[in-house]
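Quick notes on the structure that follows.
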Amino acid sequence: MTNHQYKHQLWQNSTSHLPDSTQKLLIHLVHGSVKHKLSWSTPPESVPFDPVLVTLAEGLRETVHPYRFVAKQGFKELLDIPEADQKCIAVLPKLIQPLRAALTHRDDNVFENGLEALSQISATTKDALNIHLKSFLLALAKRRMEKKYRDKVIEVLEDLEQNGGTETLVIIKSKIPTYSSINR
Numbered sequence: 426m427t428n429h430q431y432k433h434q435l436w437q438n439s440t441s442h443l444p445d446s447t448q449k450l451l452i453h454l455v456h457g458s459v460k461h462k463l464s465w466s467t468p469p470e471s472v473p474f475d476p477v478l479v480t481l482a483e484g485l486r487e488t489v490h491p492y493r494f495v496a497k498q499g500f501k502e503l504l505d506i507p508e509a510d511q512k513c514i515a516v517l518p519k520l521i522q523p524l525r526a527a528l529t530h531r532d533d534n535v536f537e538n539g540l541e542a543l544s545q546i547s548a549t550t551k552d553a554l555n556i557h558l559k560s561f562l563l564a565l566a567k568r569r570m571e572k573k574y575r576d577k578v579i580e581v582l583e584d585l586e587q588n589g590g591t592e593t594l595v596i597i598k599s600k601i602p603t604y605s606s607i608n609r
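For any residue, its number in this note's numbering is found by taking its place in the sequence shown, counting from 1, and adding 425.
Written out as structure tokens, the structure is:
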């Protein structure tokens, strides 16, 4: 997906459920002197996760500012709302492919965005993510072999195990036999 297509999809599809006269941008980037932040025209609690969270997950593969920032920060902010667990579980199957694509991307920043997003989804959905774990483990095992990502990948695997329960350890060990449980 090109940058323009992502931008168009984020702004257009996320408001397509609204009448033409009320369609507007859901997210605005507020440039600060040091830090940037997002401004939501609709409170994040009212934003439909399908298609907005799904589109932001697809945007995790972006390599160009401001799209990369909007996708990463918007994804995080939506998962921070109080009822995010139920809303995220409802769209979880649609998030798997974009997350896997981010975790297998050759760009290091995209991979790091994918790692962070996977950890956030695990914290939000808990054991509901278990049925999809095998989709991510091959990419995590591959990057775990790289010295600069070893600790980050192990940290995410530990998050997955802690959030997913005892069943998660069996799933992780089936694809990464050398993984050591946090419960030892």
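Built from N, CA and C at the ideal position, the CB exists for glycine as well.
When secondary structure is reduced to three states using DSSP, V489 falls in the coil class, being assigned neither helix nor strand. As far as DSSP is concerned, V495 takes part in no beta bridge. Pairing A564 with T549, the inter-Cα distance amounts to about 21 angstroms. Residue P473 holds the alpha-carbon nearest to the alpha-carbon of Q511 among N608, P473 and K577.
Residue range I452 to V455 is occupied by the beta strand (DSSP E) that includes I452. The three-state secondary structure of L463, taken from DSSP, is strand. Contact check for K497 and L485: beta-carbon distance about 7 angstroms, within the 8 angstroms limit, so the pair qualifies.
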